[in-house]
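J.:
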Amino acid sequence: QGRVQISRLSYLLSGSSQYIQIASVDSKAFLKESFGGCLIGAVNLKSSNRTPVVQEFESVELSCIITDSQTNDPRIEWKKIQDEQTTYVFFDNKIQGDLTDRAELLGKTSLKIWNVTRTDSALYRCEVVARNDRKEIDEIVIELTVQVKPVAPVCRVPRAVPVGKAATLSCQEGEGFPRPYYSWYRNDVPLPTDSRANPRFRNSSFVLNPETGTLVFSAVHKEDSGQYYCIASNDAGSARCEEQDMEVCECLLSLDPGAGGPVMLTGALSSVPAALCGVHGLPGVCRVWWEDPLKD
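For the sequence shown, counting from 1, position 186 maps to 186 in full-length UniProt numbering; every step adds exactly one.
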């Protein structure tokens with residue numbers, strides 16, 4: 001009484017000089033030694049894809065597979081880790097939280113999510129507890145990235161700029177993920193990031209920042225006139241704004257001071273008419289604008 005019969009068997013691992021020893025106690029086998037970093041009789045997990053990438057509104061499978069276990073009904077839990085907060089996704093055999101009604105467990109341990117949104121981008125931890133195994137617990141972390149296609153960016157293009165003056169064109173988009181990069185086009189021709197690097201634009205002087213979407217001219221030339229539009233792009237897709245005209249103008253002024261009277265300045269900026277009227281007098285004077293033909 002109190003004695004236990006133990007029989008020990010040694011097995012030579014194929015192609016090595018290592019042995020594993022299995023002891024039999026009451027017809028139950030358990031591991032005496034470990035080998036190769038793997039513990040027999042211990043729960044172990046693997047994943048076919050630890051970094052899945054999917055576009056918004058598609059479905060995705062978070063792979064969690066039990067490769068070794070002596071437990072027939074292990075406890076499965078999924079947790080979501082986002083913004084340093086951990087919440088349950090699957091617990092007590094039920095889908096939890098914001099994945100309710102759009103997720104299910106596949107093959108006992110993997111998690112499938114339908115209609116993914118940008119807020120689903122997070123770390124997901126699969127945890128398995130197998131009570132009948134020598135090592136009862138194992139876990140694996142999956143990093144899910146949900147890509148979002150950009151929407152039409154907001155573009156700002158000055159309508160008229162005098163020759164030799166500076167000009168800034170802006171392009172911004174706030175929905176795309178990952179953050180989009182920007183490209184500018186003039187008359188359907190893509191612009192380089194630096195006009196000096198391309199002989200085709202040797203008469204221009206601009207710099208394009210593809211990260212911020214700004215196109216800056218240090219001094220515009222007549223050749224810079226044209227239709228401009230911007231495209232925001234990322235791995236999920238691209239979107240563009242409507243074309244907008246920018247005209248580079250030459251300012252032509254005539255001065256007619258009269259006989260010590262009011263000073264009249266009239267001008268034309270290329271095809272964009274403009275007039276400036278500076279009036280000086282005592283007492284104060286009344287400024288009146290007339291549409292052509294001019295009247296006295």
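Ideal Cβ placement from N, Cα and C applies to all residues, glycine included.
Given the structure is predicted, the values throughout are model-derived calculations rather than measurements.
What does a CB cutoff of less than 6 Å around Gly164 pick up in its chain, not counting 5 residues either side in sequence?
T.: Correct list, in chain order: Ala219.
J.: Quick check on the DSSP output: the beta strand (DSSP E) that includes Cys184 runs from which residue to which?
T.: Contrary to the premise, residue 184 reads as Trp rather than Cys in this sequence. Unbroken beta strand (DSSP E) run through Trp184: Tyr181 to Arg186.
J.: Extract the residue ranges of the beta strand (DSSP E) inside the region 137-179, only unbroken runs of 3 or more that lie entirely within it.
T.: Runs of the beta strand (DSSP E) inside the region 137-179: 137-147, 154-156, 160-162 and 167-172.
J.: Closest by CA to Gln244, which one among Leu208, Ala236, Asp224 and Ser233?
T.: For Gln244, the nearest C-alpha among the options comes from Asp224.
J.: Taking its Cβ as the centre, do 16 or more other Cβ atoms sit within 10 Å of Val161, making it buried, or is it exposed?
T.: Answer is buried; the Cβ neighbour count reaches 16.
J.: Going by Cα to Cα distance, which pick from Glu127, Thr145 and Phe90 is closest to Asp138?
T.: Of Glu127, Thr145 and Phe90, the residue nearest in Cα terms is Glu127.
J.: Buried or exposed, going by whether 16 or more other CB atoms sit within 10 Å of the CB of Gly97?
T.: Result: exposed.
J.: For a quick check, are the C-beta atoms of Val148 and Glu175 less than 8 Å apart?
T.: The answer is yes: Cβ separation under 8 Å.
J.: Measuring alpha carbon to alpha carbon, tell me which residue in Asp73, Asp235, Leu144 and Val151 is nearest Leu111.
T.: Comparing Cα-Cα distances from Leu111 to each of Asp73, Asp235, Leu144 and Val151, the minimum goes to Leu144.
J.: Which same chain residues end up closer than 7 Å to Pro210 when comparing Cβ atoms and leaving out the 5 residues on each side of it in sequence?
T.: Once the five neighbours on either side are set aside, the close Cβ partners of Pro210 are Tyr181, Tyr182, Ser183 and Thr193.
J.: Taking DSSP as the reference, what is the three-state secondary structure of Thr87?
T.: In this structure, Thr87 counts as strand in the three-state DSSP scheme.
J.: Mind checking which residues open and close the beta strand (DSSP E) that includes Leu191?
T.: Taken as a continuous stretch (DSSP letters only), Leu191 belongs to no beta strand (DSSP E), as it is neither H nor E.
J.: Output the distance between the C-alpha atoms of Val154 and Tyr185, rounded to the nearest integer angstrom.
T.: Roughly 15 Å between the two C-alpha positions.
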